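Under this note's numbering, the residue at position 140 of the sequence shown is numbered 152, and the numbers go up by one with no gaps. The block underneath contains the structure these notes are about, expressed in structure tokens.
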Amino acid sequence: QASSQRGRPDRERRGTGARRRGGRRSGRRAARLRRDPARRPRGVMSVQASGGWPLQYVGFNQDASFVVAGTANSFLTCSTEPFTKGTQRTFENGIGVVELLYRTNLLALVGGGSCPQFPTNKVMIWDDTKKKCVGELSFYAPVKTVRMRRDIILVVLEKKIYVYNFADLQVRHSFDTSDNPGGLAALSIVAPNWVLAYPDTQLGSVAVRHLGVGGVDREVAIQAHETELGALATDRQGKLIATASKQGTLIRVFSALTGERLVELRRGIDRAIVYSLCFNHDATLLASSSDKCTVHIFDTSAVAGGTGAVEHEDDPDASLAGRIYNFATAQLKTVLPKSMEARRSAMCFAVEEAPTVCAFGSQPNSILVAGMNGSLAQYQFDLSSQRSERSMIGWLLESEG
13 QASSQRGRPD RERRGTGARR RGGRRSGRRA ARLRRDPARR PRGVMSVQAS GGWPLQYVGF
73 NQDASFVVAG TANSFLTCST EPFTKGTQRT FENGIGVVEL LYRTNLLALV GGGSCPQFPT
133 NKVMIWDDTK KKCVGELSFY APVKTVRMRR DIILVVLEKK IYVYNFADLQ VRHSFDTSDN
193 PGGLAALSIV APNWVLAYPD TQLGSVAVRH LGVGGVDREV AIQAHETELG ALATDRQGKL
253 IATASKQGTL IRVFSALTGE RLVELRRGID RAIVYSLCFN HDATLLASSS DKCTVHIFDT
313 SAVAGGTGAV EHEDDPDASL AGRIYNFATA QLKTVLPKSM EARRSAMCFA VEEAPTVCAF
373 GSQPNSILVA GMNGSLAQYQ FDLSSQRSER SMIGWLLESE G
């Protein structure tokens with residue numbers, strides 16, 4: 013399908029543009045990955061990278077019940093808890109983006125790698141029961157990211173985002189973004205909330221759209237960082253927005269409703285590429301993975317409801333420890349540099365030496381970590397003792413491990 017001369021997909025121009033069809037790395041490699049922007053993974057619930065990894069894409073579905081991957085000639089899905097090999101469909105060429113709709117037979121595929129199976133400017137809707145594509149969305153530029161809910165499909169280009177009805181593939185919204193080569197976007201998954209966050213046109217800022225049936229119900233602009241965004245996530249309910257810049261040292265959490273900054277978290281003092289951010293089911297914990305081959309877990313229980321409510325000195329119900337902490341924090345803020353005010357992670361542990369994406373598991377105090385080396389690991393953690401243990405590791409490809 014020919015794209016519009018003004019840079020809009022055919023569907024938006026004609027109203028019917030979408031078609032339905034009938035029928036471990038070394039230290040030197042780690043350094044190269046950090047230095048070379050082309051090798052940087054993309055996305056938040058997923059990562060993409062080049063440079064000799066067995067996978068071209070790895071990510072989780074909406075509830076992390078499945079891990080999905082794209083390779084130079086296939087896509088595959090595996091259940092996570094317990095780890096079980098699932099579907100693998102082999103093609104002649106590569107798959108660069110894979111998005112699975114919960115535990116259904118429907119996936120969104122985009123070609124990728126040096127020889128893509130599908131055009132990189134098309135999203136192919138794959139029905140795995142029929143083992144063929146049943147629809148497609150065509151665009152004027154390469155597709156960076158796809159996100160799906162049961163009611164909508166989100167497609168991210170480098171400078172544009174489109175929202176489609178799932179039922180009829182009709183365009184619903186379109187938004188301009190800043191340069192977004194990593195395809196950053198975050199979408200709440202709990203109906204009826206439709207909260208979408210993406211890089212706004214101003215450097216380091218985030219646009220938050222509360223989407224209604226008839227249009228955009230609410231717009232919130234957040235000046236999250238002074239430099240380019242590196243990672244972005246929202247909780248299931250769409251109440252919190254978490255961001256990291258390309259510096260990768262600080263993570264900030266904002267209210268999606270008001271744009272207020274609720275808490276600032278310190279991942280580290282050295283620059284890092286943050287591969288992924290994710291909240292747990294009730295948004296009391298936030299995790300990040302980075303090119304330091306670590307996962308940090310932060311306690312966000314004080315802001316889990318989307319507000320900045322914490323213990324205050326004049327709160328009669330506040331614990332003595334909480335009052336002492338708040339008093340000490342207030343005093344330190346007057347003498348410490350602003351960058352030192354951020355809260356440290358509750359714990360940190362090492363993971364596979366590969367680009368990784370993390371997601372909290374369904375079991376209490378567990379987190380899943382999938383790597384571009386084809387690994388899927390589950391870690392059990394205890395915040396009070398700051399101990400973690402790898403309880404499971406599986407390999408997505410038969411040749412790995």
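No residue lacks a Cβ here, since even glycine has one placed at the ideal position from N, Cα and C. Because the structure is a prediction, the values reported are computed rather than measured.
**Item:** Alpha-carbon spacing of G125 relative to Q68, whole angstroms
**Value:** 7 Å
Determine whether the beta carbon atoms of A84 and V70 lie at a separation below 8 Å. no
For V155, which of helix, strand or coil comes out of DSSP?
coil
- Could you give the distance in angstroms between the alpha-carbon of D140 and the alpha-carbon of I281? 45 Å
Can you tell me where the beta strand (DSSP E) with P66 in it begins and where it stops? No beta strand (DSSP E) holds P66; DSSP gives it neither H nor E.
**Message:** Quick check on DSSP: helix, strand or coil for V363?
**Reply:** coil
Check: In whole angstroms, what is the alpha-carbon distance linking Q235 and P211?
Finding: 10 Å
Note to self: Excluding the 5 residues flanking T102 on each side, which residues of the same chain have their C-beta closer than 7 Å to its C-beta?
What the structure shows: N85, S86
_Closest to L252 by C-alpha separation, out of A299, V232, A316, P204, would be which residue?_
A316
Expressed to the nearest angstrom, what Euclidean distance is found between the alpha-carbon atoms of N133 and L395? 44 Å
Going by alpha carbons, who is nearest to T111 out of R248, F151, I164? The sequence shown places Glu at residue 111, not Thr. The option with the nearest alpha carbon to E111 is I164.
Between which two residues does the beta strand (DSSP E) carrying Q235 extend?
228-235
Residue burial classification, P128 (beta-carbon count within 10 angstroms, cutoff 16) = buried
What residue does the beta strand (DSSP E) around L166 start on, and which one ends it? 164-168
Exercise. Could you check if S200 is buried or exposed, using at least 16 other CB atoms within 10 Å of its CB as the buried criterion?
Key: buried
To which residues does DSSP link K134 through a beta bridge?
S150
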